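In what follows, a single structure is set out as structure tokens and then discussed.
Protein chains: 2
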Amino acid sequence: MPEPRWLTEEEMRAWLGYRRMRNLMDLQINRDLAADGLSEQDYDVLSQLADLPDGRMRVSELGTRLRWSRSRLSHHLTRMVQRGLVGRDEVPGDARGAVAALTDAGGEAIRAAAPGHVASVREHLIDLLTPQEIRVLGDIAEKVLERLEAT
Amino acid sequence: MPEPRWLTEEEMRAWLGYRRMRNLMDLQINRDLAADGLSEQDYDVLSQLADLPDGRMRVSELGTRLRWSRSRLSHHLTRMVQRGLVGRDEVPGDARGAVAALTDAGGEAIRAAAPGHVASVREHLIDLLTPQEIRVLGDIAEKVLERLEAT
DNA sequence: GCGGGTTTGCTGACATGTCAACTACCGGTT
DNA sequence: AACCGGTAGTTGACATGTCAGCAAACCCGC
């Protein structure tokens, strides 16, 4: 085996920085959101549903949009159902399927949490960056995801 | 309360992209590393220790460098000790303290995993980016961490 | 040399997410 | 009408990490 191409100093800075940012920033943003009784995962699910007029989405569609594994979504919906944030309904015409449906409590929860969450994301990330940095961050994510989602 | 400053389209792209990148890329890199029997967390701990001539580091120092909580580190060291990757020794002169010490098995494990891990990080992130993007990613992480670590 | 605040680390309860195995169903074939 | 590969979703075992609370040891001024 040839000697691997180790990371340069610049590359190491980016990689370690990314990992540390992920540890600390996500933790802090989650803490802020937890003050409203939601996790970021709850928020992700609720905001998908809240975007729809009827607040209902096929579970498989939800999984595709969030890029979550089936199992992750299933476990998480179970927890959210228990807390009354969403409901699980059957799909007419496909007995395998399920639909996640926003409840009144779920809609209320995300309406209450949204302003604080946006403020937290701004405070800990977006407002610290220049427009150029924001654009590049979007570019980076796009490239990485494109590669991973390539069939 | 005034209307919150919602995210613009560009900002939303960066934020959601970051979250998705984090979900998928980290999962894939972890999978690759798991083929060598380590998690990324294991790798982080082991590489800190392997950088030292004697492979020994005070637990508090390790926590500071990794930016891990005490509890996280304590739990993780317990698991690594059980697997024989590190040892836990007492600190002469401070009976509260503990030292994490790289074992032979631990040193062997990281030597074996390192080339594949670097390749994985390159494949899924670094080699997809331009030098400028790598630099900006480092800048972003630096800004975010500076804010979070401000005492 | 003692009290009180600080530091260090561990633990238990709980939330989250992975993987792999499983159930059930759909739809087109034979 | 039985079959069969693919799809939808659930579940159980396990790994990881958070928080809160605890215990022991340290240090410093009195």
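Just so you know, the protein sequences line up as chains A and B, in that order.
Mapping of the first sequence onto UniProt numbering: residues 1 to 151, in sequence order.
Mapping of the second sequence onto UniProt numbering: residues 1 to 151, in sequence order.
We put the CB at the ideal spot given by N, CA and C, even for glycine.
All figures in this text were calculated on a predicted structure; none of them were measured in a lab.
Within 8 Å of any Cβ in chain A, is that where the Cβ of residue i sits?
i        : result
B/Glu10  : yes
B/Ile126 : yes
B/Tyr18  : yes
B/Leu38  : no
B/Arg5   : yes
B/Leu129 : yes
Anything in chain B within Cβ reach of residue i, meaning under 7 Å, just list it in chain order.
i       : result
A/Gly63 : Under the 7 Å cutoff, chain B gives no residues; its nearest Cβ is about 12 Å from A/Gly63.
A/Asn23 : Arg67
A/Arg13 : Gly138
A/Gln28 : Leu148
In terms of alpha-carbon separation, which member of the options lies closest to residue i?
i       : options                             : result
B/Trp6  : A/Ile140, A/Thr130, A/Ala119        : A/Ala119
A/Gly84 : A/Pro53, A/Ala109, A/Trp68, A/Ala95 : A/Ala109
B/Met25 : A/Gln28, A/Leu27, A/Arg19           : A/Arg19
A/Ala34 : A/Leu137, A/Glu142, A/Ala114        : A/Ala114
B/Ser60 : B/Pro53, B/Asp51, B/Arg72, B/Ala50  : B/Arg72
A/Met80 : A/Arg58, A/Asp42, A/Arg111          : A/Asp42
According to DSSP, which residues form a beta bridge with residue i?
i        : result
A/Ala100 : A/Met57, A/Arg88
Step through the CB atoms of chain B and report whether any lies within less than 8 Å of the CB of residue i.
i        : result
A/Asp51  : no
A/Arg31  : no
A/Pro115 : yes
A/Val45  : no
A/Ala119 : yes
A/Val144 : yes
A/Arg122 : yes
I want to verify the contact list: residues of chain B whose CB lies under 8 Å from the CB of residue i, in sequence order.
i        : result
A/Asp139 : Glu133
Provide the residue span of the alpha helix (DSSP H) that contains residue i, from first to last.
i                      : result
A/Ser74                : 70-82
residue 152 of chain A : Residue 152 of chain A lies beyond the residue range present for chain A, which begins at 1 and ends at 151; the question has no answer from this structure.
A/Trp15                : 9-34
A/Glu3                 : Segment: none, A/Glu3 is in no alpha helix (DSSP H) and carries neither H nor E.
A/Ile134               : 131-149
Give me the chain B residues within the contact set of residue i, using Cβ-Cβ distance strictly less than 9 Å, ordered along the chain.
i        : result
A/Glu108 : Those do not exist, as A/Glu108 stays about 16 Å from chain B at its closest Cβ, beyond 9 Å.
Going along chain A in order, which residues have a C-beta closer than 9 Å to the C-beta of residue i?
i       : result
B/Val81 : Here the premise fails: no neighbours, minimum Cβ distance about 22 Å.
Note down, in chain order, every chain A residue with its Cβ under 7 Å from the Cβ of residue i.
i       : result
B/Leu77 : What B/Leu77 touches in chain A: nothing, since even the nearest Cβ is about 17 Å away.
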